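Protein chains in written order, with the numbering used here: chain U, 5 to 230; chain A, 2 to 457.
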């Protein structure tokens with residue numbers, strides 16, 4: 005899951021990036037509205053966090069530009085305490101949620117989970133595929149009775165696959181959603197990571213969940229016939 | 002003499018000089034000093050005798066001799082006699098019994114009971130009285146004893162002064178050279194930590210060394226500024242390039258999504274897309290390395306199964322190698338756990354394999370392995386490829402170095418091995434390359450198995 009933060013206050017920006025990365029999200033951070041528009045034009049984000057008061061272009065302008073292009077990416081607005089009017093305009097312009105600064109980080113994480121869930125049509129923080137269960141709030145993965153320990157990147161990869169269960173995801177898509185701009189890409193890193201994840205998720209079990217779609221990419225789905 | 006420090010060299014030199022000087026002084030003292038000393042003793046005796054005449058006066062027809070006459074000064078006894086040799090006044094040393102005849106203005110020596118005496122007589126004409134004889138006596142032995150005492154003292158004091166001066170010289174030289182060792186230490190620290198922000202910071206002293214240290218600091222400031230400008234430039238350029246490149250790429254993709262595109266246009270767009278993707282990767286890698294140079298590249302350390310990670314890469318890369326017609330052999334020790342940045346360690350192996358695959362001809366062989374001992378984990382990739390010439394071997398870690406410029410592959414940025422080296426070093430390890438041209442190369446890296454608490 006890849007998140008864009010557009011926030012001009014440097015300390016808050018850095019803090020948000022760090023805390024979100026700890027939750028296995030890949031994060032790009034930018035400092036003004038124009039930069040945000042550039043980033044959004046290049047990459048498909050899972051959540052966009054926009055500060056309303058930003059140099060060059062305000063968060064509301066960025067939001068409007070995004071929705072005009074019919075992009076449905078969930079948007080969370082960060083607002084100052086006394087700007088009810090902005091919040092109303094923001095929500096009307098297509099924002100999914102807002103947070104009033106200062107906010108509790110746990111609450112922000114919960115809101116992000118809700119937005120991701122709504123976007124992928126999930127009902128709770130528990131993701132399931134066959135006997136594989138993934139708890140997004142406690143960061144645990146179990147298959148049957150067995151607990152599976154995953155690294156941060158593996159967790160991010162599995163979460164992305166689980167949230168897009170049944171959809172074939174291209175290598176580009178996976179790379180874009182798991183790594184941020186800072187990652188210096190390598191041609192088959194996605195294949196290596198999928199193979200790595202399979203060793204933990206699929207190899208010890210008889211029914212496989214991650215499937216390769218030749219020439220296209222990968223898909224996570226339960227195949228009852230196997 | 003090579004291993005002796007300047008401090009000791011100076012001290013030894015100085016001490017040797019002092020010893021030589023002392024030796025000369027003592028020799029001179031022994032050979033000449035005795036005679037000189039005795040000569041001066043007789044001079045003193047003569048002088049005392051001649052001066053003593055002032056103590057003899059005629060007053061109202063009576064000869065008066067001052068009481069000072071009887072004092073024994075510098076071991077010299079004075080006595081006065083009249084013309085007939087009758088003692089008028091003064092003292093004669095105890096044990097001096099023999100009658101020695103008067104010999105005016107002549108130094109006589111008399112030996113009595115183991116004691117040698119100097120005797121000096123002088124006659125004076127006292128007005129209204131006549132002639133009196135004044136005799137001065139002093140013991141040669143007493144003079145000699147004094148001389149021996151003096152020489153003895155010299156034998157103790159002079160060597161003592163040599164030792165003292167050696168100690169003083171050592172501490173003085175040490176003090177003077179202390180700033181030099183500080184300069185050395187700073188330079189060593191800069192080399193070790195690759196940190197140009199360090200300074201000697203020698204304050205207060207305006208001597209030659211102080212000026213040297215200050216000049217050194219100024220030079221460091223200029224060097225640091227130059228390095229930082231260069232790094233900042235790379236970082237800025239990479240950042241400024243990335244956004245427009247991403248825009249080009251996304252525009253290409255949206256154009257390619259148009260089904261009504263002519264085949265020719267599609268191919269052109271695909272070339273643009275592929276080359277742009279390559280450029281984006283290149284810029285990202287440059288940015289990563291430039292952040293690494295500035296110690297700003299964050300690493301995310303996790304405890305991970307390095308054997309499993311290695312196995313995964315080898316399986317994946319093995320397929321690519323097989324497609325190229327290469328034989329792949331792997332030897333991986335199981336269950337090696339270490340702490341590291343997972344993505345970076347993947348990169349480490351992938352870059353080493355990419356390199357081996359790219360430079361090995363069809364039918365060649367790639368061997369790779371991983372094993373651990375108590376303190377370290379060692380991995381290697383060996384190929385039977387084109388190899389690297391001895392002169393080029395040190396250059397392979399440089400950015401954009403290519404073994405053969407003609408062998409240009411868009412997927413190979415020329416940054417792969419620079420990145421490998423950085424990844425290994427950021428994990429506290431080291432890497433070596435051995436190669437023989439035409440025979441193949443072997444890359445061996447070692448990582449500490451203890452967790453490294455180094456955050457870049």
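A virtual CB, placed ideally from N, CA and C, is assigned to each residue, including glycine.
Just so it is clear, the structure is predicted and the values come from calculations on it, not from any experiment.
Collapsing the DSSP output to three states places residue 60 (chain A) in a strand.
The beta carbon of residue 346 (chain A) lies closer than 8 Å to those of 305, 307, 310, 424, 428 in the same chain, with the five residues before and after it left out.
No Cβ of chain U is located within less than 9 Å of the beta carbon of residue 233 (chain A). Our two residues, residue 55 (chain U) and residue 26 (chain U), have alpha carbons roughly 21 Å apart in a direct line.
Collapsing the DSSP output to three states places residue 297 (chain A) in coil. Interface residue (Cβ-Cβ distance to chain U less than 9 Å): residue 368 (chain A) is not classified as such. Counting only the Cα atoms, residue 295 (chain A) lies some 32 Å from residue 370 (chain A).
Taking the CA atoms as reference points, residue 208 (chain U) sits about 13 Å from residue 199 (chain U). For chain U, the residues of the region 348-364 of chain A that bring a beta carbon within less than 7 Å of one of its beta carbons are 348, 351, in chain order.
Judged by DSSP secondary structure, residue 125 (chain A) falls within the beta strand (DSSP E) whose first and last residues are 116-127. Contacts between residue 155 (chain U) and chain A, judged by CB atoms closer than 8 Å, involve 303, 305, 343 in chain order. The three-state reading of DSSP puts residue 58 (chain U) in coil, since its state is none of H, G, I, E or B. Inclusion of residue 70 (chain U) and residue 93 (chain U) in the CB contact set at 9 Å is not warranted, their separation being larger than that value. For residue 300 (chain A), the closest Cβ of chain U is not nearer than 9 Å.
Just measuring C-alpha positions, the residue of U:171, U:180, U:149, U:172 sitting nearest residue 160 (chain U) is U:180. Taking each of A:200, A:353, A:400 in turn and checking the Cα distance to residue 432 (chain A), the smallest one comes out for A:353.
With contacts defined by Cβ atoms closer than 9 Å, residue 178 (chain U) and residue 164 (chain U) form a contacting pair.
DSSP places residue 79 (chain U) inside the beta strand (DSSP E), whose first and last residues are 79-83.
Straight across, the Cα-Cα distance linking residue 21 (chain A) with residue 194 (chain A) is about 48 Å.
Neighbours of residue 12 (chain U) across chain A, judged by C-beta separation under 9 Å, do not exist; the nearest C-beta is about 17 Å away. When secondary structure is reduced to three states using DSSP, residue 151 (chain U) falls in the strand class. Restricting attention to U:203, U:196, U:170, the CA atom closest to the CA of residue 344 (chain A) is found in U:196.
The DSSP-derived three-state label of residue 107 (chain A) is coil. Distance check between residue 139 (chain U) and each of U:223, U:167, U:76 places U:167 closest, using alpha-carbon atoms only. In its chain, beyond the 5 residues on either side, 210 have a beta carbon closer than 8 Å to the beta carbon of residue 177 (chain A). The Cβ atoms of residue 64 (chain A) and residue 135 (chain A) do not sit closer than 9 Å to each other.
No Cβ-Cβ contact shorter than 9 Å links residue 213 (chain A) with residue 191 (chain A).
Counting only residues of its own chain and dropping the five nearest sequence neighbours on each side, residue 242 (chain A) has a CB closer than 6 Å to the CB of 284. Judged by their CB atoms, residue 442 (chain A) and residue 386 (chain A) are nearer to each other than the 9 Å cut-off. Contact between the region 64-81 of chain U and the region 261-277 of chain A is not established, with fewer than three Cβ pairs separated by less than 8 Å. Per DSSP, the beta-bridge partners of residue 112 (chain A) are A:117. Within the region 242-264 of chain A, those residues whose Cβ lies closer than 8 Å to any Cβ of chain U are, in chain order, 243, 244, 247, 248, 250, 251.
The beta carbon of residue 317 (chain A) sits closer than 9 Å to some beta carbon of chain U. With the rule of 3 Cβ pairs closer than 8 Å, the region 5-13 of chain A counts as touching the region 167-174 of chain A. Within chain A, the C-beta atoms nearer than 7 Å to that of residue 45 (chain U) come from 248, 251, in chain order. The beta-carbon of residue 89 (chain U) is placed no less than 9 Å from the nearest beta-carbon of chain A.
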